[in-house]
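Report on the structure given below.
Number of protein chains: 2
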Amino acid sequence: MGEHRTLTVQLGERSYPIYIGEGLIDQAGQRFIEHGISSKSPIMIVTDEHVAVQQHLVRLESVLKQAGFTVSSAVVPAGETSKSLAVFEELVTKALQAGLDRKSTIVALGGGVVGDLAGFVAASYMRGIRFVQVPTTILAHDSSVGGKVAVNHPLAKNIIGAFHQPEMVLYDLSTLQTLPQRQVRAGLSEVVKHGLIWDAEFVAWCDENADRLQALDSDALGYALFKGCSVKAAVVSKDERENDLRAILNLGHTIGHALEAVAGYNQLLHGEAISIGMVGAARLAVKLGAPEQVYTVTKHVLSRVGLPVRLPEELDTDLIMDAMKHDKKFQEGSMTFIVPVAIGEVEINHTVSASLVREIVEELKQEA
Amino acid sequence: MGEHRTLTVQLGERSYPIYIGEGLIDQAGQRFIEHGISSKSPIMIVTDEHVAVQQHLVRLESVLKQAGFTVSSAVVPAGETSKSLAVFEELVTKALQAGLDRKSTIVALGGGVVGDLAGFVAASYMRGIRFVQVPTTILAHDSSVGGKVAVNHPLAKNIIGAFHQPEMVLYDLSTLQTLPQRQVRAGLSEVVKHGLIWDAEFVAWCDENADRLQALDSDALGYALFKGCSVKAAVVSKDERENDLRAILNLGHTIGHALEAVAGYNQLLHGEAISIGMVGAARLAVKLGAPEQVYTVTKHVLSRVGLPVRLPEELDTDLIMDAMKHDKKFQEGSMTFIVPVAIGEVEINHTVSASLVREIVEELKQEA
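Protein sequence lines, in the order shown, are assigned to chains D and C.
Residue 566 in this note's numbering sits at position 207 of the first sequence, and the numbers go up by one each step.
Residue 517 in this note's numbering sits at position 158 of the second sequence, and the numbers go up by one each step.
Here you go:
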């Protein structure tokens with residue numbers, strides 16, 4: 360079935376494989392059958408307008424039909440605004456009209472937005488039906504592991520959701536070839552993050568292979584996604600319901616989320632904001648006693664894959680601090696930060712003072 | 360803490376107790392503390408307009424406040440129409456405004472509608488927070504066991520939902536004293552059903568104690584709810600995710616649901632429709648070889664608790680048959696029925712012919 364890597368996310372009864380390789384969409388029919396997905400019950404593919412105009416949707420539909428499945432597709436607008444209860448309800452309507460039953464499967468073909476949205480439909484339709492992810496972005500490697508699915512509420516992101524593990528993830532590297540360069544780099548941010556929290560060797564590898572990654576070299580990308588998913592899977596397997604350990608996945612996210620909120624979503628892409636946030640966390644680490652190298656290596660490897668490491672000067676420090684105070688991780692004057700104590704190793708620090716964070720934010724604006 | 364019965368629903372890590380007795384609302388604060396519900400995170404009570412005007416809400420709010428909890432309440436319109444995504448979204452808004460966090464608890468004070476709705480909010484808010492049920496109807500004894508929570512879609516009832524087990528159920532019998540007589544009888548329908556599928560002795564007990572039950576005698580009611588919950592808990596514990604066994608809980612529901620749909624909801628209460636449906640299932644059983652007594656006892660005990668056993672003649676047989684064909688249990692000309700083979704024992708029959716069912720429907724209109 361062609362060359363590919365397979366990773367199993369270990370979650371007891373709910374364990375599932377992630378297949379990573381070129382052309383996996385063309386094997387979808389066979390994979391579905393191998394995984395016991397019944398062709399007696401209709402399948403619904405959920406995707407967005409950007410993906411739908413490419414060949415991926417047509418390929419996926421036709422290969423599943425050839426394998427004997429009844430397939431319908433629902434196309435939602437591209438972008439975060441589709442993660443709403445209104446679009447969710449439309450998808451349930453379409454699922455009902457297409458006759459989806461308890462043994463049906465919903466397939467998410469797209470990036471994180473489509474995965475989160477379609478996953479929440481799968482989690483709640485008839486109290487939960489099967490779900491398959493076919494990610495088409497690098498960033499989606501992150502959301503394809505962990506089972507978190509959700510939609511937004513006007514007052515809060517991802518506030519309505521569930522934990523719902525997919526049956527499998529089909530990561531077809533050929534879908535990534537059409538990504539815009541800025542999206543590629545932003546996606547690599549979470550890949551590098553997985554190295555920084557867990558695997559120093561992989562961080563060194565990212566540095567050495569940065570050019571190949573940015574050029575979307577299939578072999579390099581396959582390896583990087585495999586490693587990124589592996590780290591996330593290891594963390595999630597130990598802590599499925601997000602207690603302590605899972606928090607380490609938030610490296611760079613406290614500052615990063617605040618930057619996204621202040622800059623406006625889409626101004627600063629998620630991966631870009633997290634990159635700056637990780638540099639901030641590394642600066643913080645050094646102030647708290649970590650070796651200087653934690654900061655220099657973090658900054659270096661992120662620059663190498665083309666990510667910003669400097670906080671745009673025009674973003675107001677007060678607004679950034681305010682945004683952080685709305686973060687769930689902020690409590691009574693002290694903040695919780697994921698702090699790298701070495702490359703590949705982080706700690707959770709619950710007592711970082713707000714004034715120290717303000718200092719870091721100012722310094723990030725001076726970053727060379 | 361006063362006299363009460365306790366039943367534990369055995370579901371491994373998610374096991375929970377059902378407390379049944381007079382005045383349990385007044386002990387809610389203490390129970391919450393015993394169950395490790397944190398007073399650091401706000402609690403939200405969800406109830407409906409009918410319950411809110413009674414003293415139960417005030418009692419529950421004040422006892423929880425006295426115990427140190429931060430409490431807010433959300434009141435939804437009474438009736439099935441509140442089980443919508445729109446009301447669900449309003450409740451999420453209120454939860455956000457009240458500052459509910461991951462360690463918060465949502466309390467459902469009311470009947471099945473409030474339990475289903477508030478339960479789905481608890482299941483999906485921040486991907487799942489704690490949930491406590493305080494049922495105020497007899498019928499809710501049924502939905503308080505099993506963890507099924509849901510809202511409706513315009514095209515289908517209960518289609519959007521989850522399995523979310525409560526931390527505990529506080530069944531305060533004093534809340535039942537204000538129920539209208541018709542609601543009382545309709546609620547007893549599911550109580551008797553639990554006897555008919557599982558426990559012949561309890562069916563005999565219902566017959567002997569029918570007058571005390573209809574008079575809302577606290578001791579009789581407490582025992583009946585305890586037995587009803589016990590049967591459901593036994594079935595659910597063996598089959599949490601609704602595979603085969605759980606289907607037996609649908610005794611009377613194939614015909615019953617069709618009657619509700621044709622008569623119009625609220626014309627025929629759920630319990631009334633199920634009562635007629637159970638008589639139909641018993642008639643069917645006898646035709647399939649069960650002893651005549653299955654039919655006579657079923658009909659007798661349902662009549663004794665004041666429930667209808669005859670199908671209203673004005674309901675069109677064709678429409679009833681059509682409604683049944685939309686039922687999930689209908690497949691290609693043959694239907695699935697839960698058939699009592701003896702009092703206290705049922706079987707699942709997947710090959711009941713539609714023509715035999717039509718015969719039964721006609722006969723149910725002639726019922727003496």
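Using N, Cα and C, we set each Cβ at its ideal position, and we do this for glycine too.
Coarse secondary structure for LEU715 (chain D), derived from DSSP in three states: Walking along the first sequence from the start, residue 715 (chain D) turns up at place 356. Residue state, collapsed to three classes: helix.
Closer than 9 Å at the beta carbon, the chain D residues around HIS512 (chain C): Within the second sequence, residue 512 (chain C) is the residue found at index 153, counting from 1. GLU448, VAL451, THR452, LEU455, listed in chain order.
Cβ separation of SER712 (chain D) and LEU666 (chain D), assumed to be a contact under 8 Å, to the nearest whole Å: Taking the first sequence and counting its residues from 1, the one referred to as residue 712 (chain D) is at position 353. Taking the first sequence and counting its residues from 1, the one referred to as residue 666 (chain D) is at position 307. The pair is not a contact, with the Cβ atoms about 28 Å apart (cut-off 8 Å).
Closer than 7 Å to chain C by CB, PHE522 (chain D): Counting from 1 along the first sequence, the entry for residue 522 (chain D) is found at position 163. Answer yes: the Cβ-Cβ gap between PHE522 (chain D) and chain C drops below 7 Å somewhere.
Nearest candidate by alpha-carbon position, reference ARG717 (chain C), set C:LEU627, C:THR657, C:ALA622, C:ILE614: Reading the second sequence from its first residue, position 358 is the one you call residue 717 (chain C). Looking at the Cα atoms, C:ILE614 is the closest of the given residues.
ARG486 (chain D) at chain C interface by Cβ criterion, 7 Å: Indexing the first sequence from 1 puts residue 486 (chain D) at position 127. Chain C, which has a Cβ nearer than 7 Å to the Cβ of ARG486 (chain D), makes this yes.
Contact list for LEU444 (chain D) against chain C, beta-carbon separation under 7 Å: Start at 1 with the first residue of the first sequence, and residue 444 (chain D) comes out as number 85. What LEU444 (chain D) touches in chain C: LEU444, GLU448.
Touching by the beta-carbon criterion (3+ pairs, under 8 Å), the stretch 602 to 621 of chain C and the stretch 631 to 649 of chain C: yes
Alpha carbon of ALA559 (chain D) to alpha carbon of LYS552 (chain D), nearest angstrom: For this step, residue 559 (chain D) is matched to residue 200 along the first sequence. For this step, residue 552 (chain D) is matched to residue 193 along the first sequence. Near 11 Å, if we compare the C-alpha coordinates of LYS552 (chain D) and ALA559 (chain D).
Simplified DSSP assignment, three categories, for VAL528 (chain D): Start at 1 with the first residue of the first sequence, and residue 528 (chain D) comes out as number 169. Strand at VAL528 (chain D).
Reduced DSSP category for SER548 (chain D) - H, G, I as helix; E, B as strand; rest coil: Translated into the one-based positions of the first sequence, residue 548 (chain D) becomes position 189. Helix.
Whole alpha helix (DSSP H) elements within the stretch 643 to 667 of chain D, 4-residue minimum: 651 to 663
Sequence-distant residues of the same chain with beta carbon closer than 8 Å to LEU678 (chain C), five excluded per side: In the second sequence, the residue the question calls residue 678 (chain C) occupies position 319. Correct list, in chain order: VAL621.
Spatial distance of LYS453 (chain D) from GLY505 (chain C) (CA atoms): In the first sequence, the residue the question calls residue 453 (chain D) occupies position 94. In the second sequence, the residue the question calls residue 505 (chain C) occupies position 146. When rounded, the distance between both Cα atoms is 28 Å.
Separation of ILE384 (chain C) from SER400 (chain C), as counted between CA atoms: Within the second sequence, residue 400 (chain C) is the residue found at index 41, counting from 1. Within the second sequence, residue 384 (chain C) is the residue found at index 25, counting from 1. Going by the C-alpha atoms only, they are around 20 Å apart.
Buried versus exposed, by CB contacts within 10 Å (16 or more), PRO699 (chain D): In the first sequence, counting from the first residue as 1, residue 699 (chain D) sits at position 340. Label assigned to PRO699 (chain D): buried.
Touch test, the stretch 386 to 398 of chain C against the stretch 522 to 534 of chain C, Cβ-Cβ under 8 Å, three pairs minimum: yes
Residues of the stretch 531 to 565 of chain C with Cβ closer than 7 Å to any Cβ of chain D, in chain order: none
Test item: CB-CB of GLY469 (chain D) and VAL543 (chain D) under 7 Å: Locating residue 469 (chain D) in the first sequence gives position 110, counting from the first residue. Locating residue 543 (chain D) in the first sequence gives position 184, counting from the first residue. Not a contact, by the Cβ cut-off of 7 Å.
Segments assigned alpha helix (DSSP H), at least 4 residues, entirely inside the stretch 577 to 612 of chain D: 577 to 597
Rounded straight-line distance, which links the Cα of ASN708 (chain D) to that of GLN540 (chain C): What you label residue 540 (chain C) is simply residue 181 of the second sequence in a count that begins at 1. What you label residue 708 (chain D) is simply residue 349 of the first sequence in a count that begins at 1. When rounded, the distance between both Cα atoms is 60 Å.
6 Å CB neighbourhood of ILE556 (chain D) in its chain, flanking five on each side removed: In the first sequence, the residue the question calls residue 556 (chain D) occupies position 197. Hits under 6 Å: ILE607, LEU610, VAL705.
Spatial distance of ALA583 (chain D) from CYS565 (chain D) (CA atoms): Reading the first sequence from its first residue, position 224 is the one you call residue 583 (chain D). Reading the first sequence from its first residue, position 206 is the one you call residue 565 (chain D). Answer to the nearest angstrom: the Cα atoms are 8 Å apart.
Three-way DSSP call (helix, strand, coil) for VAL504 (chain D) in this model: Against the first sequence, residue 504 (chain D) aligns to sequence position 145. Reduced to three states, the DSSP call for VAL504 (chain D) is coil.
LYS424 (chain D): first and last residue of the uninterrupted alpha helix (DSSP H) it sits in: One-based indexing of the first sequence puts residue 424 (chain D) at position 65. Where LYS424 (chain D) is concerned, the enclosing alpha helix (DSSP H) stretches over 414 to 425.
Cutoff 7 Å: ALA515 (chain D) Cβ touching any chain C Cβ: Sequence index remark: in the first sequence, residue 515 (chain D) carries index 156 (1-based). Answer yes: the Cβ-Cβ gap between ALA515 (chain D) and chain C drops below 7 Å somewhere.
Straight-line Cα distance separating GLY471 (chain D) from ALA569 (chain C): As a working note, residue 569 (chain C) is residue 210 in the second sequence. As a working note, residue 471 (chain D) is residue 112 in the first sequence. Answer to the nearest angstrom: the Cα atoms are 57 Å apart.
Proximity below 7 Å, CB of LEU532 (chain C) to CB of GLY581 (chain C): The residue you call residue 532 (chain C) lines up with position 173 of the second sequence. The residue you call residue 581 (chain C) lines up with position 222 of the second sequence. Going by C-beta atoms, LEU532 (chain C) is nearer than 7 Å to GLY581 (chain C).
Residue closest to ALA467 (chain D), alpha-carbon to alpha-carbon, out of D:ALA445, D:HIS415, D:MET485: In the first sequence, residue 467 (chain D) corresponds to position 108, counting from 1. Cα-wise, what sits closest to ALA467 (chain D) is D:HIS415.
Supposed contact pair VAL645 (chain C) and VAL653 (chain C) - C-beta distance, whole angstroms, cut 8 Å: Start at 1 with the first residue of the second sequence, and residue 653 (chain C) comes out as number 294. Start at 1 with the first residue of the second sequence, and residue 645 (chain C) comes out as number 286. Yes, they are in contact, since the Cβ atoms of VAL653 (chain C) and VAL645 (chain C) sit about 6 Å apart, within 8 Å.
Cross-strand partners of GLU704 (chain D) (DSSP beta bridge): Working through the first sequence from its first residue, we reach residue 704 (chain D) at position 345. Beta-bridge pairing links GLU704 (chain D) to D:ALA701.
Residues sharing a beta bridge with PRO376 (chain D), DSSP: For the purposes of this step, residue 376 (chain D) is taken as residue 17 along the first sequence, with counting starting at 1. Looking at the DSSP assignment, PRO376 (chain D) forms a beta bridge with D:THR367.
Under 8 Å by beta carbon: chain C residues contacting ALA433 (chain D): Looking up residue 433 (chain D) in the first sequence gives position 74. Correct list: empty, because the minimum Cβ distance to chain C is about 15 Å.
Exposure of GLY458 (chain D), with buried meaning 16 or more beta-carbon neighbours within 10 Å: By 1-based counting over the first sequence, the position of residue 458 (chain D) is 99. Exposed, by the Cβ-count rule.
Min CB distance THR379 (chain C) to chain D below 7 Å: Indexing the second sequence from 1 puts residue 379 (chain C) at position 20. One point to set straight first is that residue 379 (chain C) is Ile, not Thr, in the sequence displayed. Output row for ILE379 (chain C): interface = no.
Beta-carbon neighbours of ALA509 (chain D), restricted to chain C and to distances below 8 Å: The sequence position of residue 509 (chain D) within the first sequence is 150, counting from 1. Neighbours of ALA509 (chain D) on chain C, chain order: ARG486.
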